[in-house]
Amino acid sequence: MRTSKSTVMRRAGSICVLAVAAALTMTACSDDSDDPADTTSDAGESQESGESPESGESPESGESPESGESPAADAPQEEQAVGQATGREAVATWVAAIVEDRPLDACLVMGAPGADGSPAGNTAAMCEDGSPEAEQARQLVSTLAESFTPESLGEPAAVEVAEGQGSGGTATFEGQQITVDGQTIEEIVVSNSTGVEPGQIGIEIEATDIDSLWYVTDFDLSFG
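See below:
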């Protein structure tokens, strides 16, 4: 057991990881004017303006995919649940995405505080964004990948997570309980660091049950 924790390191670890979800989430709806669905709708309206009143009122124009089906097709994707069935699966999926440098997949299995302060799981609509802010968030995942990735990474990475501790819809997994290709996360971080000895760092990953699906909601890195 660790006898002390560095508050600075703990907060830095949490901020770095949660910033990935926060940045991707906040920028998801910032460019509504560039929404492909809006562009398609505009194109459909332009075509209708060039048609005669008879053709514009015909049943065929009302059934066009551009004007009638795009909004309905987009709605389910925005509300799609992307969590995992258990906390172990959520952590394993998240770690695998980190070490394989798949930031979008990491975002999809993360949760962040919602409007009312309670945890809310990310959706595909939140994470799929091409803004500069989202790109910076992806670079954060790449930075974590440098610390979490063993020297020889399998394809795909073999990530295993032991049973965590917790109750009431929250579970915590220590770095010694999580392995990547047979090495614990803590061992990998030490080997990728300079001047750090085994036992000097502590890693904890928290997963939370949100609407019957599990998401990674916190990451704690301590030194001491």
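Letter 74 of the sequence shown, counting from 1, is numbered 56 in the numbering used here, and no numbers are missing. Glycine included, C-beta positions come from ideal geometry on N, C-alpha and C. In this text the structure is predicted, and so the values were computed from the model without any measurement.
query: Cβ-based burial, Thr105 [other Cβ within 10 Å; buried from 16]; result: buried
query: Residue interval of the alpha helix (DSSP H) (run including Ser204); result: No alpha helix (DSSP H) holds Ser204; the beta strand (DSSP E) holding it covers Leu195 to Phe205.
query: Under the three-state DSSP convention, the category Glu145 falls into; result: coil
query: 8 angstroms Cβ shell around Ser124 - same chain, five flanking residues per side excluded; result: Asp83 and Pro85
query: Classification of Ser134 by the beta-carbon crowding that lies within 10 angstroms, buried from 16 upward; result: exposed
query: Beta-carbon spacing of Gly146, Gln159 below 8 angstroms; result: yes
query: Through-space distance from Thr166 to Ile80, alpha-carbon basis; result: 14 angstroms
query: Which of helix, strand or coil DSSP assigns to Gly151; result: coil
query: Contact under 8 angstroms by Cβ, Asp72 with Val198; result: According to the sequence shown, residue 72 is Ala rather than Asp. Cβ distance < 8 angstroms, so Ala72 and Val198 count as in contact.
query: Identity of the residue in Val178, Thr131, Ala88 and Pro101 nearest Ser204 by Cα; result: Val178
query: Val91 versus Met108, Gly99, Ala97 and Asp98, residue with shortest Cα-Cα distance; result: Met108
query: Close Cβ partners of Thr131 (< 6 angstroms) along its chain, the five nearest in sequence each way excluded; result: Val81
query: 8 angstroms CB neighbourhood of Gly99 in its chain, flanking five on each side removed; result: none
query: Which of helix, strand or coil DSSP assigns to Pro85; result: helix
query: Simplified DSSP state of Ala139, which is helix, strand or coil; result: coil
query: Between the CA atoms of Gln182 and Glu137 - distance to the nearest angstrom; result: 30 angstroms
query: Distance between Glu186 and Thr176 (C-alpha atoms, nearest Å); result: 21 angstroms
query: Burial state of Gln121, where buried means 16 or more other Cβ atoms lie within 10 Å; result: exposed
query: Spatial distance of Ala88 from Trp76 (CA atoms); result: 5 angstroms
query: Glu128 beta carbon less than 8 angstroms from that of Asn174; result: yes
query: Neighbour-count burial assignment, Pro101, 16 or more Cβ in a 10 Å radius; result: buried
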